[in-house]
Structure formats: C-alpha cells, structure tokens
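Protein chains in written order, with the working numbering: chain A, -8 to 274; chain B, 30 to 389.
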C-alpha cells in the first residue's frame, strides 16, 4: 500500500455478525421450539449446533437459511432482516445444504454441481466460462473431477455427499449452512467431509454453520459449539468450554468422561455405561 | 494459492459446448426438430385423410384459394380446424403434462390430478344432460357453449383443489392427494348424471368423455391457440427454476428460487393449458402422461423437455386422429386410440420404474 492510497471504505454492515437471530420464536404448526432466542454467528468461524434428538438444532439452522420463517423476532443477514432481502440476493450470500436433498434422475455430477450457479444467472446473464471455471474448481476441491461425468445415481454415499457440498461451493457464498453433512457416512467419510469443511473455512474464509451428531467430531472441527435444548441455548463457546460432563448430562442426559484426544488435543467424549465396572471413575 | 493454480490447470477444453450444454442439450434440439417435422407431416396427412377423398393437388389448390366451394368447405371448415385443433390440443396436453410431472417430481402425475379434467368433465356432462336436448343440441353446445362450460368447471375445480391444498404454501404431495380425492368425487357426480340421463344424452356425454376431435370447429380451436401462445413462453421462462426444483424445496429455496411463487406459476400454466384443451376436445386420455415421458426418454434428460413434450403431444393427437379417420372403420374418437396406446405404456413404465434409470 502506498501513502496516497485511500484505505478501503468500511462497508456499512462491517462489524455486524454474519447471521443473527434476534428474539426469534420458531414453531411448527402450534408447537413452539424456541422462544425469544438470541444467537449471533460470527464471521469466519465454524460454528456447530449440537443437541439431543428433537432439540431443534436443525430447526434453528433452517431458520438461519430462511427455510423456516420465525413466528416472532427476526433473522438477520449482515445486519439486515432476511425477510426484507430478495431470495436470489440472499442465495449469493448464504448457501444451505439441507439434510435430505432430492437426487435428480439422469443427471451427471457436473450438471448437479452446475446448479449451484443458479443464483448468479438470469435471463440476461446466461452461462459463462467463469461459471464453468467455478464448477470445475468446486469439483476439484471436493475431489470429484474424475467423476464429473458420472451419473449421480452411480455414486456412493460419500461421493454423493461430496457432490452436494460441491454444489454448495459453486454457489460461492460467504456463508455456508450444512444440516448433518456426515449422516449415513462411515467414520472415514465423515472425516473426509469435515476436513473438507475445515478447508473451506480456512482457505476460502467461509463462515460455516452446521449441525452434527457426533460430539467428538463436532469438538474437533469447530471453532465454536452451540448446545441447544429445552427451547434455548444451553451452552455456547469453544469446544473445551462447552463439552463438559455437566453440559452433556443436561443436554443429552448422558454420563460421559471428557478427555483430551491424543492426536488433536480436542475434547474426546467417552460415554459411560453403568454396566461397565472395569475402570473406577475418577481414579 | 498452490491449490488454486493446480485447479486452473484442469481448465476444461470444451467451454463452448458447455454453454449450449446448459441451455440446450444437442439431443433435445434434435428431438424437438424431429417432432416439428413429424407434426407437419402428420398435419398434411390429416388434411388429406377423410371420407371424401381429395387428392394432394386438390388440397394444395384449395389452400391457395383455387378450390370449389365444396372443397373449400371440406378443407377450411372441416379438416383444417380438426388438424390445427389436434395440434393445439395435443401440444397443450403435452406441455401441461411435462409441467405437472416436473413440479410433482413424479412421472405418474398428470394434470388430471389437479382436478382440471374431472371438473371439465362434470361441467360438460352437466351441460349436456341438464340442457335436456337431443344429440344435435349437445353437438350444437359442443361447438359453442360446451367448451365454455367445461372450461369453467375445470378452472373452478382447480381453484378449489389448490385452495384446499394450501397450508401456508402448497406441498405437491398434499396437492396430489387432494386432487385425486376431488377427481373421485366429481367422477361420481358425473356418473350419477349420466345414469339419470336419457339415452341420447348419456350417449352424447359418453362421446364427450372419451375425447374426440370430430366436433371441433374454429370457434373452439382459437381459445386453445391463444392459451398456448400466451402460456408457452411463460412456461419456458420457468425452465431453470424447474431444473432447480428437482433438488427439493429446501435446496431450491437455498439456491434462490421463490419456490411457492414458481409453483403457482407452473400450476396455473398447467391448469390453463389443460382446461383449454379439454374444453375443446374432451379429455383425450394419456396424452399428458405419455407425451412428456416419451420426449424425456428420447432426449435423455432428467426431466421432460418442455417444447419437445408439447410437440410430442401434438404428434400423438394428430397422428391418432389421422389413424382413426384414415385407417379404422367408422368414426372412432381419438381418445380411444390414445388410451389403447397409453395404457400398456403406463403398465410398462410402472414395471420398469423399480429399476433405477440412468442416462449418463
């Protein structure tokens, strides 16, 4: 930077969190899941929502992704209410991979991933070489370049999940929401997906919010964990602050030891079964 | 940064074909063009075929304005509306079928499930039976009042089905179930009316319910043409959203498709097309179901291609009508032919559906 150069003007929303729930009430039909919830998602972090089955973690993610409209309060993107923004404009800022996307028939991996470019296209802005480039990059980043011309029906579970993530990457949004991206995958493919998520966060600076079931993996691959249950946020913070036996007991009704993972140093959850007496607890 | 440069080295050698690949796969263009040719050929055949034989040169001379008044009557008032009507009705049904199957993500979903056809049928049958006239009155109604009554029945039913399916948005599964319910209920009322009717009226109603081009005139062809001209561009503009909507509602929303608005537009297009077609010719069965599936298989696409489906519908109806007029004895309604061809196809599709289709 030279002396004459003007520092780049701060955008009007600088300093605002990437996503924020303000006094949000979320409900299905008449059952309310969260009431008057406040939660800020900070830019550039990997935030993982955890909680017991039925705790509403996916519901909360859907609300952040505008798939569910709060019955009260507002969801904000960069300081602006989500509802006030055109859906296509939101799609350039925010990508969401739902739990069960529908795999279309007779579609190649490349075609599937190409659909991630939809928010960037219109009648007057058809497909361009730069769209092709983004699709190729997304395929390469997810290790799918070789499989680009295969039919999606022929992919294994792990490959298909990577194809969905590639589609979301092709959307080129600074915020990515992933609803249980590791479900139905074996442990090694779960690791693949989470390493991919971390690289997306570190190399592209993407803000990631996801829902995970595996607490140890959540602790290992997240900057921040938000534990939900009882219609509110039970705990919120760095993995070591959140994954404590007390929180696990409260949120999951689970007795567990938390020890340091010898390979990563992140918290490792060891569930305790009262039928096992081989090790005396606390000694 | 090293990761990025290695990615760029893999730049694709076929940029140009990718551009067209997105919009118009080569195969879709070929199939569409092929359909245009076949529709034109069958139309010529349709104008030539009939009980009073006109030679090819007679038809050409008449079309150019040099025929006798008798030839002009046959070509301009009988055969041309029948052929143009067949093309328009078939295209409307084919396009409506493609739209319905695509938004419902189900090849078994036809516009019938929106209640349109049963509503039109009830309207038409009620008009025939309650008008209390003879067959000639019903035939008179067919060319004038009946299409309007059928159209009103179709649109009203579609509106009620859509209204009942609405619950802060329309879920296609719920819409289909309610449509099936409405179809059954209206079908019952229609049957009741026929059972109570005089024999001549019942015959006229049954004739209408099969679907035929024999009573068609310019008066009932024009509305279909107008609807087709207005709706087709609207439907084609929904193409990219239709592609995205194959991924499910949640991901479509995430990708910036206004799912509910898109769905309303698609359903309205399908309803208008079907209402127009059914009002003009009666419900010609299986066209809306079969045409998109044949077009999709020929074009090898993930969803039915819109224009090719419309043209395929025209091929089936005009071809079927040429068949019943030129080959089969007596005046067999075209709806019987399409049902005879369509039903086995439906069974074949159902048995095949267990296997996973793949066109990679």
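Just so it is clear, CB atoms sit at the ideal spot from N, CA and C, and this is done for glycine as well.
Predicted model, so just to flag it, every value in this text is computed and none were measured.
query	result
According to DSSP, simplified to helix, strand and coil, what is residue 25 of chain A?	strand
Look up residue 229 of chain A in the DSSP assignment and say whether it is helix, strand or coil.	coil
What distance in whole Å lies between the Cβ atoms of residue 211 of chain B and residue 303 of chain B, which are believed to be in contact at a cut-off of 8 Å?	That pair is no contact at about 14 Å.
Label residue 91 of chain A either buried or exposed according to how many other C-beta atoms from any shown protein chain fall within 10 Å of its C-beta, with 16 as the threshold for buried.	exposed
Give me the DSSP bridge partner(s) of residue 223 of chain A.	A/220
In chain order, what residues of the same chain lie with their CB nearer than 7 Å to the CB of residue 291 of chain B, ignoring the 5 residues before and after it?	267, 270 and 274
Is DSSP giving residue 321 of chain B helix, strand or coil here?	helix
In chain order, what residues of the stretch 204 to 222 of chain B put their CB closer than 8 Å to some CB of chain A?	none
Please classify residue 37 of chain A: does DSSP put it in a helix, a strand, or coil?	strand
If contact is defined by three or more beta carbon pairs under 8 Å, each pair taking one atom from either stretch, is the stretch 53 to 70 of chain A in contact with the stretch 234 to 252 of chain A?	no
If the cut is a Cβ gap below 8 Å, which residues of chain A does residue 193 of chain B touch?	Those within 8 Å of residue 193 of chain B in chain A number zero; the least Cβ separation is about 17 Å.
Hey, does residue 112 of chain A have any beta-carbon neighbour from chain B nearer than 8 Å?	yes
Can you give me the C-alpha to C-alpha distance between residue 52 of chain B and residue 42 of chain A, rounded to a whole angstrom?	Interpretation of residue 52 of chain B is limited by its pLDDT of 46, a score under 50 that renders its predicted location unreliable; no figure is taken from the coordinates.
Measuring CA to CA, which of B/97, B/220, B/249 and B/83 is closest to residue 114 of chain B?	B/249
In chain B, which residues lie with their C-beta within 9 Å of the C-beta of residue 58 of chain A?	278, 279, 282 and 283
Report buried or exposed for residue 377 of chain B, applying the criterion of at least 16 other Cβ atoms within 10 angstroms of its Cβ.	exposed
Would you say residue 351 of chain B touches the ligand GTP, meaning its beta carbon is less than 7 Å from a heavy atom?	The model depicted lacks the ligand GTP and carries no ligand whatsoever.
Would a check of beta-carbon distances place residue 162 of chain A closer than 8 Å to chain B?	yes
In the DSSP assignment, the alpha helix (DSSP H) including residue 11 of chain A goes from what residue to what residue?	First-last for residue 11 of chain A: 10 to 19, but that is the beta strand (DSSP E), not the alpha helix (DSSP H).
Please report the residue range of the alpha helix (DSSP H) in which residue 275 of chain A lies.	Missing from the structure shown is residue 275 of chain A; chain A here goes from -8 to 274 and no further.
Taking only runs of the alpha helix (DSSP H) that begin and end inside the stretch 151 to 222 of chain B, which ones reach a length of at least 4 residues, in chain order?	164 to 172 and 174 to 194
Among A/68, A/131 and A/152, which has the Cα closest to the Cα of residue 89 of chain A?	A/152
Taking the C-alpha atoms as reference points, what is the distance between residue 94 of chain A and residue 62 of chain A?	31 Å
Closest to residue 247 of chain B by CA distance: which of B/68, B/67, B/118 and B/135 is it?	B/118
Could you tell me the alpha carbon to alpha carbon distance between residue 428 of chain B and residue 150 of chain B, rounded to whole angstroms?	This structure does not reach residue 428 of chain B, given that chain B is present from 30 up to 389, and the question cannot be answered.
Could you check which residue in B/233, B/232 and B/285 has the C-alpha nearest to that of residue 87 of chain A?	B/285
Start and end of the beta strand (DSSP E) containing residue 142 of chain B?	Here residue 142 of chain B belongs to no beta strand (DSSP E), and DSSP marks it neither H nor E.
With residue 70 of chain B as the anchor, note down where its alpha helix (DSSP H) starts and where it stops.	55 to 77
Under 8 Å between the Cβ atoms of residue 141 of chain A and residue 122 of chain A?	no
Going by other Cβ atoms of all chains shown within 10 Å of its Cβ, with 16 needed for buried, is residue 48 of chain A buried or exposed?	buried
In whole angstroms, what is the alpha-carbon distance linking residue 86 of chain B and residue 116 of chain B?	23 Å
Could you check whether residue 215 of chain A and residue 228 of chain A sit closer than 8 Å to each other, using their CB atoms as the reference points?	yes
Taking 8 Å as the CB-CB cut-off, is residue 52 of chain B touching chain A?	Since pLDDT at residue 52 of chain B reaches only 46, below the 50 mark, its modelled position is unreliable, and no value is offered.
Could you list the residues in the stretch 132 to 144 of chain B with a C-beta less than 8 Å from some C-beta on chain A, going in chain order?	134
Which word fits residue 156 of chain A, buried or exposed, when buried means at least 16 other C-beta atoms lie within 10 angstroms of its C-beta?	buried
Roughly how many angstroms lie between the CA atoms of residue 134 of chain A and residue 245 of chain B, to the nearest whole one?	59 Å
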